[in-house]
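Residue numbers (this note's numbering): 361 to 1344.
C-beta atoms are modelled at their ideal positions from N, C-alpha and C, and glycine is treated no differently.
The block underneath contains the structure these notes are about, expressed in structure tokens.
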């Protein structure tokens, strides 16, 4: 998922934080979303892709965009009243939390196999307005390890039970039939069930559900004009009674019936085996999936949809029909998705030997979706933000991300579906592995260096803070209350880095051998992270026992280069390296990890490589590594390609860092040297501001190094853009001792940003004009290829950088940029360039963008986000007004993320001195929790970092968490975050 997101992801609208000189700091790693937004820095770094999971102070009329000015008070009040009524009704669906009794916690070590297995599932859906009847026939048998006479307990939630049958006989409620336990699960009395484990029996239930009122968007629900499902992690129990756990793998046959005129398209997993007309203008279709699967991979779609289709011939010569569905008005935006799917299928055959195994592969685009996308077997369901693409609606980052997420969900067919998780504690087994695979795919489709840098920016801004906060957990968690809270950056992104370390330690060839053995051993099984590690070790006859600690320990390890010295008489270079991992909640003691440190040596005189990259394996608390036959004094390039997810402490002078920026043969470490140098400068400025002093002048070595990157002509332009970018505020927080003063940090970064632009204004404009001339020379043709994307990325980032000066010349340039823009990347960049400048031109461009976007939901999300991320002083008040806007929908996750998620990631205004930002987010959480606990819990994480900020703000953040704690009927999802946040 891509919240992933989860099981399809992470999550994560993807707020694109960062670019040349400015970024919005991500306040939490757990807020995952499927929208791609650009920030003022002009770069598009993924933040929230996983299953990826207010009310006073009007905006001053002179500042409000025209669409807000024309919103009548009556319509605003009416919408607010409707939202409140809807939330109140939906609250009945949300499981209540008794504040006197803590929610139940599940623990990894308590795993037990089920008492019974389900061999086959026959489902029949009768879809009608306001009521859908679901008839389920489960063919079961007793687990040989469970005692004879054990009850069969089936999970269920928000189901109206109509009938229960056992082997065709109707059961009555009571001691001689069925009952319900304290958690309202359905219990079939064990004394009625066969004692012989080889004897099959059938349990049949008939239930009624109301998808139209399912605002949690979990289970079967209605999105716009279609019915669709989301079952990961525990949504299937909201459809019918079942053993809703991933280790129960069954064969499925599904029949669905609905109105033919209203819902001409009927889809489910597997191959369609029959279809036809039914009575009263209805029709039906039946599907059979020949591969056993857990219930979280079940999918059903019923709607008025159109599609595009194509064929793919597998490596063995079998033809597969590919079809992608959307609402009719979006069909023209599906071509890029189809192209991406074909590339992913071919890549998986070539790189991992994995061939698709059904006759059809379907994808459906859905507007209302908590996650990014979901890998249901043969029927993927996607948030529209991650599948619809056109030059007018999508940024270049959208195009890149759509390709990556389509690949991610397709790759799950083997890493997640064919081989799945034994229990949800093993989630990283499928998600970390599949994120690694989609990252490798994306590196092969574009610039490998740029993709690696993007991934590390996201890891540092999202996952490192998570590892340092109250929600810290290992990539394989030890416990949870609500599983939906663990579709996190740790499970996904850090999990992917752990998989990458296998490849670094074993080589690409060795990693492929391990993957092949893993598939051979476990195809068709539900397994654990230990099974994967064993396959890697056995295939390569390697000892990976210590490597298990990456699955057991939370926290980001710190690797410190204690010394690096050269002995010219022995021609030896010696590095002494140590490791430590900070204490995390529940884990005070840490043990040494098995850390691969990719290292190379460069000539200090010429910059030429003296020692190509080699992997040093750090296993103890401190180790010494000696390089022999080194002809001259070198400069060490350590942790190349970011070979392990850790913080590197290595004291180097500004001159040495500038040297590495110019000469390092590892693209990641060239970029990293610049980031380290910039961090030193920003930290120095922050310290001065915190002490009440004036900010210092920028060091000349830093300015000149930045100027050289800006004017370079022999560098990949995407890499050039990222090399000009300053570290974002969230990454910087990890480099500064708590408690942090958010305003000082923001102002320090802005000071450095502005100083660079002032010093290099002439060169910035010259490079911008040169890129503009290149665009004109090509006749204004939009292309989605690497050179075109790189040029747009650099040109747009330069515009946004120049806008920090807020001078009339740049305002005029930004307006021209908007009016002549070839695509969404150009236009939204111009809007971000103007977003912080209080001039009439800003409001005019916002109004023009709104007029061009009001009929397109995804474009509207961008319109909302750019205002919520603004630096202007009335941003909190503007966000409150945006939430009253007629085009805002509290029930739509994409728009909720576009406004509230974008604002909560606006570090400066979220941490406003008067606490208004905290109060706004808390108010939203309380309202959203009644509708959609998954979304509410993700917002709650923003408040959980209260211990990291200075005392006054810290107290205000904590007070908002206490407000949530004291809220009646708060969901388990949100309560878990609140409890952990307060205990932090």
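Residue range 679–686 is occupied by the beta strand (DSSP E) that includes residue 680. Of the residues assessed, residue 1217 falls on the buried side of the cut-off, its CB having 16 or more other CB atoms within 10 angstroms. Straight-line spacing of the CA atoms in residue 789 and residue 780 works out to 8 Å. In chain order, 764 and 811 place their CB closer than 6 Å to the CB of residue 802, counting only its own chain and leaving out the 5 sequence neighbours on each side. Within the same chain, Cβ atoms closer than 6 Å to the Cβ of residue 1306 are found at 1314, 1317 and 1318, the five residues on either side in sequence being excluded. Judged by DSSP in its simplified three-state form, residue 610 adopts strand.
Contact between residue 739 and residue 627 holds, with the beta-carbon distance rounding to 6 Å and staying under 8 Å. Per the C-alpha coordinates, the member of 886, 1274, 1158 and 894 positioned closest to residue 875 is 894.
Between the C-alpha atoms of residue 701 and residue 681 there is a straight-line separation of about 12 Å.
Around the CB of residue 678, fewer than 16 other CB atoms lie within 10 Å, so the residue is classed as exposed. Around the C-beta of residue 492, 16 or more other C-beta atoms lie within 10 Å, and the residue is accordingly described as buried.
Shown here for residue 724: same chain residues with a beta carbon closer than 6 Å to its own, the five before and five after excluded, namely 661, 685 and 741 in chain order.
Contact between residue 917 and residue 865 is ruled out by a C-beta separation of about 16 Å, above the 8 Å threshold. If you check the CB distance, residue 638 and residue 622 do not come in under 8 Å. Under DSSP, residue 720 shares a beta bridge with 681. The stretch 1016–1025 and the stretch 957–970 touch, with no fewer than 3 CB-CB distances between them shorter than 8 Å.
Rounded to whole angstroms, the separation of the alpha carbons of residue 932 and residue 1038 is 32 Å. For the 8 Å CB-CB criterion, residue 1281 and residue 1250 do not form a contact. Two segments are said to touch when three or more pairs of C-beta atoms, one from each, lie closer than 8 Å; by this definition the stretch 1045–1052 touches the stretch 1098–1112.
Within the model, the alpha-carbon separation for residue 552 versus residue 534 is close to 12 Å. Between the stretch 820–827 and the stretch 749–769 there are fewer than three C-beta pairs closer than 8 Å, too few to call the two in contact. Following the DSSP letters along the chain, one finds residue 851 in no alpha helix (DSSP H), marked with neither H nor E. According to DSSP, residue 816 shares a beta bridge with no other residue. Note on residue 1312: under 16 other CB atoms within 10 angstroms of its CB, so exposed under the neighbour-count rule.
Inclusion of residue 361 and residue 705 in the CB contact set at 8 Å is not warranted, their separation being larger than that value. A buried status is given to residue 1244, since no fewer than 16 other beta-carbon atoms sit within 10 Å of its beta-carbon. Note: residue 654 is bridge-paired with 609 in the DSSP secondary-structure output. Setting aside the 5 residues that flank it on each side, residue 1165 is surrounded in the same chain by 1114, 1117, 1118 and 1121, each with a C-beta closer than 8 Å to its C-beta; the list follows chain order.
Taking the C-beta atoms as reference points, residue 1190 is found nearer than 8 Å to residue 1174. Its chain contains 900 as the residues whose beta carbon lies nearer than 6 Å to that of residue 870, once the 5 sequence neighbours on both sides are disregarded; these appear in chain order.
The DSSP-derived three-state label of residue 999 is coil.
Residue 1255: member of the alpha helix (DSSP H) spanning 1253–1256, first to last residue. Residue 989 counts as exposed, since fewer than 16 other C-beta atoms from the protein chains shown sit within 10 angstroms of its C-beta.
Annotated as proximal: residue 819 and residue 853, with beta-carbon spacing under 8 Å.
According to DSSP, residue pairing for residue 631 in a beta bridge involves 648. In the DSSP secondary-structure assignment, residue 1012 is not bridged to any residue.
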